[in-house]
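Counted from 1, the sequence shown has number 84 at position 84 by the UniProt record's numbering; the numbering is strictly sequential.
Idealized CB from N, CA, C, for every residue including glycine.
What follows is one structure encoded as structure tokens, with my remarks underneath.
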Amino acid sequence: MPAVETYSAEKEVSEKDTVSITHAARTYQAFPGSRYALPSDDQERQRLLLQHKTLRGIFGDKILFAPVSLGSEDKVLDVGTGSGTWILDLATSVDTSVSMVGVDIEPRLFPTTPPENFDFRVESVTRLPADWSNTFSLVHQRLLILALQTQEWPLAMQEVYRVLRPGGWIQIDESTPWYDEKCPGKPCMEKLTALYRCLARARNLYVDCTDDMTKMLAQAGFVDIQTKSGIQKMGKWAGDVGVANRVNHIGVLRGIKTPVLQAGGFGYVSSEAEYDALLEGLEKEWDEIPGTEKELIIFWARKPEV
């Protein structure tokens with residue numbers, strides 16, 4: 001494996017200016033204008049199921065933090081619902097009369113047999129239906145860190161504000177990114193982190209969105225903004241939970257392999273085999289060197305009554 005190189009601005013290249021590296025590509029969504037970097041196949045569906053379990057475990061199986069009481073007159077919207085794991089889970093703890101809507105730009109991940117009070121639709125959070133204004137009591141959004149471009153985040157906040165009823169709540173579950181400087185003694189992680197951030201820059205994805213989430217919510221008009229954070233530990237050193245977190249997060253990095261290789265590897269890898277070797281090395285690093293962690297932050301806020 002080539003020696004790990006430190007990121008430099010000289011490596012910053014545009015996806016369109018490079019030659020794609022041959023590899024076994026996975027299936028990705030093709031929603032017009034989307035820069036979403038993760039796949040939409042059955043392998044990703046299984047990863048999303050694991051991800052939901054690991055994230056739910058961080059907070060003692062609690063998935064709803066917004067202080068909303070849901071009854072027969074209420075509607076819930078799950079933005080970027082994917083396979084619907086979060087909203088389907090929520091449905092087990094609320095009355096069946098509550099109307100549930102999940103939206104995503106990729107319908108291939110939608111559940112095949114949703115309950116009767118569910119509706120899964122192809123929509124973008126940056127342009128929700130006009131007739132949804134002041135409709136929902138709760139809007140949930142989780143892990144769009146590799147989906148929304150920098151300029152799309154404020155639009156998403158404004159759209160969610162619009163479709164919420166006065167007094168309604170938004171809950172956003174978002175992860176901190178991988179940081180270049182937090183990989184001492186882990187050369188595979190250092191290189192994969194550099195690839196992750198190169199891809200984010202090339203697609204203008206705001207992977208540092210948690211830094212500004214509170215500000216963006218306030219600018220959209222939300223009040224009573226609150227947060228809670230939890231830590232995901234990676235590797236065998238953290239027990240079964242650490243192994244599950246490791247499998248999930250390596251699954252994310254495996255998921256971005258196609259866009260990275262299609263962009264020519266950003267000067268860090270030159271073949272699919274080299275990328276796969278990095279993933280194998282990362283698994284070993286996380287298992288054998290204690291300390292790799294990632295923060296998940298829950299944000300919730302209210303749309304004013306007037």
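Asked	Found
7 Å CB neighbourhood of A156 in its chain, flanking five on each side removed	V125, T126, L148
For W178, three-class secondary structure by DSSP	coil
Complete runs of the alpha helix (DSSP H) confined to the segment 122-165 [at least 4 residues]	152-163
Limits of the unbroken alpha helix (DSSP H) element including T85	85-91
Limits of the beta strand (DSSP E) - the one that N227 falls within	A small fix is needed here, since residue 227 is Thr in this sequence, not Asn. 223-233 is the span of the beta strand (DSSP E), which, as asked, contains T227.
Neighbour-count burial assignment, Y7, 16 or more Cβ in a 10 Å radius	Model confidence at Y7 stands at a pLDDT of 31, short of 50, so the residue's coordinates are unreliable and nothing is read from them.
Residue from S83, V76, N134 whose Cα sits closest to the Cα of Q43	S83
Whole-angstrom distance between A273 and K284, CA atom to CA atom	17 Å
Spatially closest choice to K62 from S93, P39, R47, by CA coordinates	S93
Chain-order list of residues whose beta-carbon lies under 8 Å from that of K233 (same chain, five-residue window excluded)	V241, G242, N245, T292, E293
Y206 versus Y36, P166, A30, residue with shortest Cα-Cα distance	Y36
Q46 classed as buried or exposed, judged by whether at least 16 other C-beta atoms fall within 10 angstroms	exposed
CA-to-CA distance, I298 to P187, given in whole angstroms	31 Å
Own chain partners of D287 with C-beta closer than 6 Å, once the 5 adjacent residues on each side are dropped	G235, K236
Helix, strand or coil at E116 [DSSP, three-state]	coil
Own chain partners of K215 with C-beta closer than 7 Å, once the 5 adjacent residues on each side are dropped	none
Simplified DSSP state of I250, which is helix, strand or coil	helix
Per-residue DSSP class, three states only, for R35	coil
Option in I256, E280, A218, V252 with minimal Cα separation from A301	A218
Segment contact flag, the segment 191-202 with the segment 168-180, C-beta cutoff 8 Å, min 3 pairs	yes
Pick from L138, W169, F59, F118 that is closest to F222, judged by C-alpha positions	W169
Neighbour-count burial assignment, P304, 16 or more Cβ in a 10 Å radius	exposed
E106 - DSSP class collapsed to helix/strand/coil	coil
Residues near C209 by beta carbon distance below 7 Å, same chain, minus five either side	I145, W153, E174
Contacts around V260, its chain only, beta-carbon distance under 6 Å, and the 5 residues preceding and following it disregarded	L195, L199
Closest Cα partner of P115 within the set A91, I256, D276	A91
Opening and closing residue of the alpha helix (DSSP H) in which D276 lies	272-288
Bridge partner(s) assigned by DSSP for L205	Q149
Buried/exposed call for A3, threshold 16 Cβ in 10 Å	Unreliable placement is indicated for A3, whose pLDDT of 35 sits below 50; the coordinate value is still reported in the next sentence. Classification for A3: exposed.
Residues bridged to R302 (per DSSP)	W169, V223
Segment limits, alpha helix (DSSP H) that includes D42	42-58
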